[in-house]
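Some notes on the structure that comes next.
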Amino acid sequence: VQLQASGGGLVQAGGSLRLSCRVSGISFNVAEMGWYRQAPGRQRESVATISSGGSTNYRDSVKGRFTISRDSAENTVYLQMNNLKPEDTAVYYCNARQLLWAPSFNYWGQGTQVTVSS
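Just so it is clear: in the sequence shown, position 42 is 95 by this note's numbering, and no numbers are missing.
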């Protein structure tokens with residue numbers, strides 16, 4: 054199983070980045086996909102999730118700025134991040150999970166650094 058995240062980088066406040074996470078080795082179409090982030094000294098937190106059916110959820114601080122989407126043809130989940138703020142600085146991780154029936158799974162990608170300068 055591989056979750057290959059990419060797209061992080063250094064950007065000024067107000068700028069945009071698009072993260073990608075290409076998945077292999079699991080049944081992408083049944084997985085709930087998510088983006089999480091962890092800043093230094095803080096716990097990992099959920100940023101956005103998208104169900105197998107396309108339903109999305111966002112943490113309040115990114116609503117209206119971030120958009121999660123998935124492409125089943127490419128087995129890839131995206132996170133479009135607009136109007137970035139310094140407080141968005143963190144390592145961003147993608148997650149693939151299916152916990153409703155056996156066999157369940159819960160996998161993490163390697164993380165990609167996002168740094169927003171003020």
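Glycine included, every Cβ here is placed at the ideal spot set by N, Cα and C.
How would you label residue i, buried or exposed, when you count the other beta carbons within 10 angstroms and need 16 or more for buried?
i	result
ASN128	buried
ALA58	buried
TRP154	exposed
LEU137	buried
GLY62	exposed
GLU87	Glu is not the amino acid found at residue 87; the sequence shown has Gly there. The residue in question, GLY87, is buried, as its Cβ has 16 or more Cβ neighbours within 10 Å.
GLY162	buried
ALA149	buried
ARG95	exposed
For the candidate residues the options, whose alpha-carbon lies nearest to that of residue i?
i	options	result
CYS147	ALA126, SER171, ARG71	ARG71
ASP113	ARG123, SER104, VAL100	VAL100
SER157	ILE121, VAL83, THR102, THR168	VAL83
SER125	CYS74, VAL64, ALA66, GLY62	CYS74
SER197	ARG118, ALA92, PRO139, GLU85	Residue 197 is absent from the model: the chain starts at 54 and stops at 171.
THR102	VAL144, VAL115, GLY94	VAL115
SER80	THR120, TYR145, LEU152, THR165	LEU152
ARG90	THR165, ARG123, ILE121	THR165
VAL64	TYR160, ARG123, THR142	THR142
GLY67	ASN159, ASN135, THR120	ASN135
SER171	TYR160, PRO139, TYR145	PRO139
May I ask you to list the residues that DSSP assigns as paired with residue i?
i	result
ALA143	VAL167
VAL130	CYS74, ARG123
ALA149	MET86, TYR160
ASN110	THR102
Does any CB atom of chain C fall closer than 8 angstroms to the CB of residue i?
i	result
GLY162	Within the model displayed, chain C is absent; a lone protein chain is all it includes.
>> Whether or not the region 97 to 113 and the region 54 to 72 are in contact is what I'm after, with contact meaning three or more pairs of Cβ atoms, one per stretch, closer than 8 angstroms; do they touch?
In response: Look at the beta carbons and you see the region 54 to 72 not touching the region 97 to 113: under three pairs across the two are nearer than 8 angstroms.
> Can you give, in chain order, each stretch of the beta strand (DSSP E) that sits fully within the region 54 to 100 and has at least 3 residues?
Replying inline: 55 to 59, 62 to 65, 70 to 77, 85 to 91
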